[in-house]
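K.L.:
Sending over a structure as structure tokens; questions will come in a sec.
Numbering (the UniProt record's numbering), first residue to last: 1 to 520.
This is the structure in structure tokens:
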């Protein structure tokens, strides 16, 4: 990503390819959405969750309380309605002038009793579940006792030869009393069951409340830690630098898996990372990493030069997101025989870092030969000529990077054009008749672009697919290796000079010509 005034240029391949595949998504809208999410996470996440949980719990408690009151009222009303209907029906039977004999009265009374018991049983079945066996047995015994009392009162009514209104009223009052007593007796276990159910519900709600309180505490802690991390990454350059150094560490690990990579940022005058090579003929390298939004200042460059001179090790200065003041891309400075390479706007590009390592490996060998050669045959070379050679090498590297980018772009365009060449109608007909297999059966599930002709071709593609996370060698590295050009110098030419000496020298810089073995 490059910041140019008020414009942001995104060059990350993953982001670009995703928005190409999902052209219906607007990058500005998506960024607005993620910004709002981050703002919500850092401000009112806990308040929103707490408000939602509290409203849900309050709604549940209100509904439960309303349902319990409704059940109680419904029980009382239904019992009293049954009682009233039964009393009225008995009065109608006793006052009927049509029924004259005891058998008819007895029949109607038995029907009325059965109807009352049936209604009462149905009410109980609707309210008390079968699982409450203890309460159910108690209610059933109460109903049986009431049934037997009603039968006795009915027998007394039938034994009366003369319908004495006073006696009838006394018996009716007795029946009414028995009904009221039965209702009271039945209500007690039912209300006990409802009360216990309410207590269990309240206990469950309390447990939910405690659980929500615990979750609220954990969420507040998590939100605080997240805000602290985001604020550190945003405002604390040290934390941001640690994250950037870790990313550079893994890049170096992928480039040089067998070498020793040490984090030395806490030591004095040692840059950020040091790489000790497994191949002892190759030099150790120091890496200074910066992830600033502004240009790297000259003070940082001077500190880097001081660290290199203190440790006597070649170094690479990497600025991930910004330019380096007074330094060009892949600028090479040789000070007291130590190579300084500068990579501005690296953006964690593996190819750029690998090229810098190759430059140090190539130049350090020649510098070492220059310091060790004691042959008498000498040729002088000026400091300006050596600087021009370094500038030519830098230009060569820049042109090489541009050529790599051009080849990648042209290759992608050619592949896209080839993929556009299709015969869909003819292919559909062949697939339908079974002459060829459907390409979707052998389509790569990683890139969703490539389709093979058989399982073998699909397996071969997956092993080398650039979208395969296990494939450590990316397309850029492959192209780089194919295009890697090594400038070979004659075997008889060795450079022996120090560029940009800290102390002036009286003698001119020398190039010694080594005699070939054949001439010796």
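Virtual Cβ for every residue (Gly too), placed ideally from N, Cα, C.
Any chance you could list the alpha helix (DSSP H) runs of at least 4 consecutive residues sitting entirely within the segment 296-333, in chain order?
P.N.:
298-311
K.L.:
Report the partner residues of residue 451 according to the DSSP bridge assignment.
P.N.:
443
K.L.:
Quick check on the DSSP output: the alpha helix (DSSP H) that includes residue 427 runs from which residue to which?
P.N.:
424-433
K.L.:
How is residue 227 classed by DSSP in three states: helix, strand or coil?
P.N.:
helix
K.L.:
If you draw a straight line from the alpha carbon of residue 271 to that of residue 260, how long is it in whole angstroms?
P.N.:
Spanning the two alpha carbons is a distance of roughly 16 Å.
K.L.:
Cα separation between residue 384 and residue 290?
P.N.:
Taking the straight line from one Cα to the other gives about 31 Å.
K.L.:
Out of 208, 274, 293 and 389, state which residue places its alpha-carbon closest to the alpha-carbon of residue 241.
P.N.:
293
K.L.:
Residues in its own chain within less than 8 Å of residue 394 by CB, not counting five upstream and five downstream?
P.N.:
328, 329, 330, 331 and 332
K.L.:
With a threshold of 7 Å on Cβ separation, who are the neighbours of residue 461 within its own chain once the five nearest residues in sequence on each side are excluded?
P.N.:
444, 450 and 452
K.L.:
According to DSSP, simplified to helix, strand and coil, what is residue 464?
P.N.:
helix
K.L.:
Please report the Cβ distance between residue 287 and residue 243, rounded to the nearest whole angstrom; I am assuming they are in contact, meaning their Cβ atoms lie under 8 Å.
P.N.:
About 16 Å separates the beta carbon of residue 287 from that of residue 243, a gap too long to meet the 8 Å contact definition.
K.L.:
Thinking C-beta only, is residue 324 closer than 8 Å to residue 315?
P.N.:
no
K.L.:
Please report how far the alpha carbon of residue 431 lies from the alpha carbon of residue 355, in whole angstroms.
P.N.:
Cα-Cα distance, rounded: 49 Å.
K.L.:
Taking the beta carbon of residue 9 as the centre, do at least 16 other beta carbons fall within 10 Å, making it buried, or is it exposed?
P.N.:
By the Cβ-count criterion, residue 9 is exposed, with fewer than 16 other Cβ atoms from all chains shown falling within 10 Å of its own Cβ.
K.L.:
Rounded to whole angstroms, what is the Cα-Cα separation between residue 208 and residue 228?
P.N.:
30 Å
K.L.:
So, at 7 Å on beta carbons, what are the nonlocal neighbours of residue 305 in its own chain, with the 5 sequence-adjacent residues on each side left out?
P.N.:
335 and 340
K.L.:
For the alpha helix (DSSP H) containing residue 393, list its first residue and its last residue.
P.N.:
Going by DSSP, residue 393 is part of the alpha helix (DSSP H) stretching over 383-420.
K.L.:
Using the beta-carbon count (16 or more within 10 Å), is residue 465 buried or exposed?
P.N.:
buried
K.L.:
To the nearest angstrom, report how far apart residue 498 and residue 415 are at their CA atoms.
P.N.:
With a pLDDT of only 38 at residue 498, under the threshold of 50, the placement of this residue in the model should not be trusted; the figure read from the coordinates follows. Computed Cα separation, rounded: 49 Å.
K.L.:
Provide the residue span of the alpha helix (DSSP H) that contains residue 16, from first to last.
P.N.:
13-21
K.L.:
Look at the alpha carbon of residue 174 and the alpha carbon of residue 180, and state the distance between them as a whole number of angstroms.
P.N.:
10 Å
K.L.:
Straight-line CA distance for residue 310 to residue 250?
P.N.:
26 Å
K.L.:
Are the CB atoms of residue 313 and residue 285 nearer to each other than 8 Å?
P.N.:
yes
K.L.:
Expressed to the nearest angstrom, what Euclidean distance is found between the alpha-carbon atoms of residue 34 and residue 230?
P.N.:
Pairing residue 34 with residue 230, the inter-Cα distance amounts to about 14 Å.
K.L.:
Do residue 361 and residue 282 have their C-beta atoms within less than 8 Å of each other?
P.N.:
yes
K.L.:
Which residues does DSSP pair with residue 271 in a beta bridge?
P.N.:
In DSSP, residue 271 forms no bridge with anything.
K.L.:
By how many angstroms is the C-alpha of residue 210 removed from the C-alpha of residue 522?
P.N.:
Because the chain spans 1 through 520 in this model, residue 522 falls outside it and cannot be assessed.
K.L.:
Can you tell me where the beta strand (DSSP E) holding residue 25 begins and where it ends?
P.N.:
Here residue 25 belongs to no beta strand (DSSP E), and DSSP marks it neither H nor E.
K.L.:
Between the C-alpha atoms of residue 389 and residue 266, what's the straight-line distance to the nearest angstrom?
P.N.:
A direct Cα-Cα distance of roughly 36 Å separates residue 389 from residue 266.
K.L.:
To the nearest angstrom, how far is it from the Cα of residue 411 to the Cα of residue 17?
P.N.:
16 Å
K.L.:
Just how far apart, CA to CA, sit residue 185 and residue 199?
P.N.:
So the alpha carbons of these two residues sit roughly 22 Å apart.
K.L.:
Just reading off the beta strand (DSSP E) that residue 289 is part of, what are its end residues?
P.N.:
From DSSP, the beta strand (DSSP E) with residue 289 extends over 285-290.
K.L.:
Using the C-alpha atoms, what's the distance from residue 226 back to residue 575?
P.N.:
Summary: the structure shown does not reach residue 575, with the chain confined to residues 1 through 520, and so no result is reported for it.
K.L.:
For residue 320, is the classification buried or exposed, using 16 other Cβ atoms within 10 angstroms of its Cβ as the cut-off for buried?
P.N.:
When all chains shown are included, residue 320 counts as buried.
K.L.:
For residue 276, which residues from the same chain have a beta carbon less than 6 Å from its beta carbon, with the 5 sequence-adjacent residues on both sides left out?
P.N.:
260 and 284
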